[in-house]
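Residue numbers (my numbering): 1 to 186.
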Amino acid sequence: MKIIANKDIDDDLLQRMIKIEHEVFGDQSEDIVTYRHVHDKRDGGLFCLVDDDGTPIGFADAIFLSDEQKKEYLNDGNFRILKNIGPKAGTDNNLYLFGFALKKEYRNTGIVKMFVRSFATWLGELGSQGVKMKYTFSEAWSLDGARFLQAMGMIPIDKSKISADGQGFYYSPDNLAEFTAKVLRK
Ligand SMILES: CC(C)(COP(=O)(O)OP(=O)(O)OC[C@H]1O[C@@H](n2cnc3c(N)ncnc32)[C@H](O)[C@@H]1OP(=O)(O)O)[C@@H](O)C(=O)NCCC(=O)NCCS
1 MKIIANKDID DDLLQRMIKI EHEVFGDQSE DIVTYRHVHD KRDGGLFCLV DDDGTPIGFA
61 DAIFLSDEQK KEYLNDGNFR ILKNIGPKAG TDNNLYLFGF ALKKEYRNTG IVKMFVRSFA
121 TWLGELGSQG VKMKYTFSEA WSLDGARFLQ AMGMIPIDKS KISADGQGFY YSPDNLAEFT
181 AKVLRK
């Protein structure tokens, strides 16, 4: 089992990740949404977990948004406008955790922690390169999603808009600083 990330993800692997995305999210997902456009430059955080035969079993991705995209998305929830603009040196970055999913048979096994570690490592490296976030957020589309975000210390942007099963927008008050430090300490 290993994680392949960012520029090491070739087009073939990308296609296979898209298949998992369709398998997990069904009609909600479109090729254009999570991968082809948002990760054209592969300079967001794109992670694929593969088994020992090299078969993808899950993916996670995070992208950088402009202030306009962030505002529009939080206003109307239209994820089709989300495109990765890449990281910038300095503090003017909005990070959006886009998608994360494991094939069903691998859930609740603790494997997700491999994503978590890769993600924290990537965030730590960005920080060392002088890329800091001014806002870090996500949208939970499911109870699993809400659990995943809360495990990173993310909280609802507006509690009154979170559905009974946890769906809605979440953000990280400290831009995942505590989460990153904790994971990297382990
Ligand atoms: C979201 C998903 C990848 C999470 O994987 P999972 O295997 O179900 O994760 P679990 O909630 O069982 O967590 C397993 C362990 O990892 C930890 N963990 C999970 N997410 C974490 C996170 N973001 N940060 C730190 N730890 C985390 C949990 O605390 C748990 O630890 P424990 O065993 O010590 O209690 C998975 O449920 C999934 O693919 N769901 C379907 C797709 C989906 O709905 N995606 C979200 C869209 S918004």
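Ideal placement from N, C-alpha and C gives every residue a C-beta, glycine not left out.
Small disclaimer: the values here were computed from a predicted structure and weren't measured.
Exercise. Does DSSP put THR136 in a helix, in a strand, or in coil?
Worked result: strand
For this session: Run through the segment 39-73 for me and flag every whole beta strand (DSSP E) of 3 or more residues, listed as ranges in chain order.
Result: Listed in chain order, they are 45-50 and 56-65.
Exercise. CB-CB under 6 Å to LEU184, same chain, minus the five flanking residues each way: which ones, in chain order?
Worked result: ALA120 and GLY124
Problem set entry | Helix, strand or coil at THR91 according to DSSP, with G and I counted as helix | THR91 falls in the strand class under three-state DSSP.
Problem set entry | Own chain residues within Cβ distance below 8 Å of LYS103, not counting five before or after | Hits under 8 Å: ILE20, GLU23, VAL24, ILE57 and GLY58.
Exercise. Which residues bound the alpha helix (DSSP H) around ILE18?
Worked result: 11-25
Exercise. Can you round the beta-carbon distance between PHE115 and GLY153 to whole angstroms, since I take them to be within the 8 Å contact cut?
Worked result: Not a contact, Cβ separation roughly 16 Å.
Exercise. What does ALA101 pair with, by DSSP beta-bridge criteria?
Worked result: Note: ALA101 sits in a beta bridge opposite PHE59.
Exercise. Residue range of the beta strand (DSSP E) that PHE169 falls in?
Worked result: Residues 168-171.
For this session: Check each candidate in LYS70, LYS186 and ASP10 and name the one with the smallest Cα separation from ARG98.
Result: Here the sequence assigns Phe to residue 98, which means Arg is not the residue at that position. Ranking the options by Cα distance to PHE98, first place goes to LYS70.
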